[in-house]
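Protein chains in written order, with the numbering used here: chain A, 1 to 521; chain B, 1001 to 1521.
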């Protein structure tokens, strides 16, 4: 049997791990875009030879750690406080019970087949590690439409408060910017910046960029949609009148308009068919009894030879001792436990803050599709509820789950609303502003506020002014025999990819230590 | 049984046609975005009471005409020259035979499940009429990814000829434009255009628009991707260095960069699952023996009472006479037939010109997905073959059909290539420039050149300087008892939506005439 290149690379991968395969592929010139493959290089599996590892938390970081270490011959145990895997990767369906720490309880009443992803809800195509696991674990994906040009934008001081299509804001802005820059270039205002030759090219470019007239005026563009749609009569199509730049500046929709260009929100994006939790449930199937559900950690104690974790299960107290521990719980939980970390690590844990994101979801007939031609994508408002996220699942079916409200509660006007009813009212109001007459079609609300969800107490770690997790570097090294994993120990906070990559880091660190006779290298 | 609003509107629709329902919905304030619904208003079905209509051509225009008129009690016959419905809506699979008028013949060798749409390949969500038929005829749709930020752009004078990701061209351009405009604004060059108050808002906007530094410099942006991808180590992510504006101006990729903003190419877009021809085959099922296949029209003759069409079927000559005729063939074919149109109409037909679009498709392993994270979308090159269109069907499966080459042959460098082998070579070369080492993975080529396809002799009617079909208005009215339909008689040339809307126009004209006792109103 001949050794094809593919077989050869797989063989290399099996023998030397992904990084060997990667180096080989690089040397063969097979990876012309290094940014695509770089994450996959991080896993370097070293034979565990029975080394025992207790993993705290069955979210993506814990599951990936257990899955890979188990394959490499480590004896793994995952302690997961809930009766399900996934952590924040939580898909809510009819019958799901939602209990807040403050006693507020809901039972989701969605119809058969309806669901919503309360936590992560999209997989960018650049998140190669997560896509790798979807492929490896046979989790089928479908396109998640993150941007629709027919989605709406609304501000009280724009267009008389009547929502406008995203295509108008995007393309009218580009038109005005192009016309203004062309004027400056023509006046010679940028002659210090642009060579004479480039000046002509710049002006030709701006006509195309903004869809300007030959004399550099922006008079509107078909890119922004139509007042009179192209038909089959004599009447030619008429594009929408441009929104004035002055009004666009006042409306200040820029952050939302540019959301589609955030590196992790660019097309193409995906979602597992049937709900994001298809991923943790696929891990659950593979891991079997490696994961112990209903096991809430109480304390973590280290000795010179191992780590002992005390936990409760069905009211009974248990302990487990292992050679190493991977702590893949959020710091918001870890800070409430009885631990003996070093003062430096303890300071980082106790000093951490968590944001509390919320989502409100409703079951409704798909008026956004039938009457607004919106299929997936996100509408934005400058209101207390500022985000309406349309479903990408089961497009063209009669009913769907629309997320009318997604944001952070701490410090926001939404978070200051006095009670759940006021929050649901704000959600309905946002729908009514975008889709007049349809707020009454919203049924079966579900309100998730991650700060109130047991075993999370937050949606993601708070990043401060510089965008960094406070004390980040301290979490990247082991505290004696305890390693820290989770998206909060990555540069991709709030993303499953960050959680998976943090697991790769820990696996690599542990492997290096074992190769080094148990000493940190 | 209560009369719900939905039932009420359906009842109105049945009694008075779509335009009555539309007017009612408008008056109820249910259509806040008029551009969305305007096409659906065009159909106004009038009872045909046995009026006979012969329809020439079983493409979308002919099929929609026959389907709607049959429902309204007209006796319809469609003459279709081929043994299949759809016209340019043609999906090619393993076993499909392709015969050019010049004798060049291919038999597609694609594997089971592989296909490519040789003609139309996308349905914009604003094309409400076509989406309506997909819904009505139970043609399941999936998202067609028309834009991927991981797709590539290549020009010999950009980045040393090495392809760059679309995200870099888009976001670096926006960054440079923003920085230049901010400089002009700061210099006061636009003080005549912008009020003092707007000036501050404009500068704040430009920082967000271009992702500039606080002192208005563009130093690159994470929107353009990463040199060092965000991971879970201490190393922070590092964005790509910006492509210089000078180089971007030289590369002149603007038209391709802005393709995603063309009104009919904006997200969200769709394709029928399994191939675009699922639409005509759904009509075929509904229409049954109304469509006669293998019937090539030879002549059209009108009298004061009807229209007589002569055609051949299996070598035998036949005629059919009907009260009216709807001619839904391309003018490129009509101009070759024996007809007795008025001199004015005949002049338009004979004066028409057709473009010849081509596509080249290959079956290949999905290296664009596994190695480049490209899932659907289009790469562009400044080369003889300038478009690489990746499949949106069966993402993540082992193999797919990539369209390496789509454009117009007449007058283009591609069209001047001496033979088919040179065209296939140009196609391979484009793949090799974007995906080095992979041109050898391309197998089972199919080359479609619409100018050489019998019963088409072109892809779409040529539009001249003003963007209009020459003599357009003359085709919008009946030549005595013959009506003209097809995308060439619409403002949406080259789109199935234009064909469907032209059918609506003809149906309405015919209905008005019948209400008027057979006289043109």
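Just so it is clear, CB atoms sit at the ideal spot from N, CA and C, and this is done for glycine as well.
Quick one: what's got a C-beta closer than 7 Å to residue i's C-beta in the same chain, skipping five residues either side?
i                       : result
residue 1367 of chain B : 1435, 1438, 1441
residue 1277 of chain B : 1086, 1089, 1090, 1091
residue 1275 of chain B : 1091, 1115, 1117
residue 1182 of chain B : 1203, 1206, 1212, 1216
residue 230 of chain A  : 237
residue 1159 of chain B : 1243
Measuring CB to CB, does residue i end up less than 8 Å from residue j?
i                       : j                       : result
residue 178 of chain A  : residue 225 of chain A  : no
residue 1112 of chain B : residue 1094 of chain B : yes
residue 403 of chain A  : residue 279 of chain A  : no
residue 1146 of chain B : residue 1498 of chain B : no
residue 1291 of chain B : residue 1056 of chain B : no
residue 246 of chain A  : residue 218 of chain A  : no
residue 1426 of chain B : residue 1417 of chain B : yes
residue 1263 of chain B : residue 223 of chain A  : yes
residue 300 of chain A  : residue 337 of chain A  : yes
residue 1395 of chain B : residue 1369 of chain B : yes
residue 234 of chain A  : residue 1340 of chain B : no
residue 1358 of chain B : residue 1453 of chain B : no
residue 1261 of chain B : residue 171 of chain A  : yes
residue 1168 of chain B : residue 1243 of chain B : yes
residue 49 of chain A   : residue 379 of chain A  : no
residue 1511 of chain B : residue 1131 of chain B : no
residue 271 of chain A  : residue 121 of chain A  : yes
residue 1184 of chain B : residue 184 of chain A  : yes
residue 1269 of chain B : residue 1123 of chain B : yes
residue 1194 of chain B : residue 1446 of chain B : no
Would residue i be called buried (16 or more neighbouring beta carbons within 10 Å of its own) or exposed?
i                       : result
residue 1411 of chain B : exposed
residue 1125 of chain B : buried
residue 1162 of chain B : exposed
residue 1080 of chain B : buried
residue 1007 of chain B : Low local confidence applies: a pLDDT of 42 at residue 1007 of chain B is under 50, so the model's placement there is unreliable, with the coordinate-based value given in what follows. Exposed, since its Cβ has fewer than 16 Cβ neighbours within 10 Å.
residue 273 of chain A  : exposed
residue 1054 of chain B : buried
residue 1157 of chain B : exposed
residue 477 of chain A  : exposed
residue 214 of chain A  : exposed
residue 255 of chain A  : exposed
residue 1281 of chain B : buried
residue 284 of chain A  : buried
Which same chain residues end up closer than 6 Å to residue i when comparing Cβ atoms and leaving out the 5 residues on each side of it in sequence?
i                       : result
residue 471 of chain A  : 348
residue 1321 of chain B : 1306, 1308
residue 1405 of chain B : 1360, 1385, 1427
residue 391 of chain A  : 400, 401
residue 479 of chain A  : 341, 342, 345
residue 1058 of chain B : 1078, 1080, 1085, 1291
residue 1504 of chain B : 1042, 1043
With a threshold of 8 Å on Cβ separation, who are the neighbours of residue i within its own chain once the five nearest residues in sequence on each side are excluded?
i                       : result
residue 312 of chain A  : 295, 296, 298, 318
residue 252 of chain A  : 155, 382
residue 1422 of chain B : none
residue 1466 of chain B : none
Flag this pair as touching only if the region 460-467 of chain A and the region 348-362 of chain A have three or more C-beta atom pairs under 8 Å; answer yes or no. yes
Every unbroken beta strand (DSSP E) inside the region 246-332 of chain A [3 residues or more]: 269-272, 295-302, 307-313, 316-322, 324-327
May I have a chain-ordered list of the alpha helix (DSSP H) segments no shorter than 4 residues that lie completely inside the region 120-152 of chain A? The region 120-152 of chain A contains, as complete alpha helix (DSSP H) runs of 4+ residues, the segments 128-136 (chain order).
Pair every Cβ in the region 56-76 of chain A with every Cβ in the region 327-339 of chain A, then say whether three or more of these pairs are closer than 8 Å. yes
Any beta strand (DSSP E) of 3 or more consecutive residues that is wholly inside the region 360-443 of chain A: 378-381, 387-389, 399-408
Can at least three beta-carbon pairs, one atom from the region 1073-1086 of chain B and one from the region 1094-1109 of chain B, be found at a separation below 8 Å? Output reads no: the region 1094-1109 of chain B does not touch the region 1073-1086 of chain B.
Please give the ranges of any alpha helix (DSSP H) in the region 145-202 of chain A, keeping only runs that are unbroken, at least 4 residues long and fully inside the region. 166-186
List in chain order: all unbroken beta strand (DSSP E) runs of 3+ residues lying wholly within the region 38-79 of chain A. 52-56, 75-79
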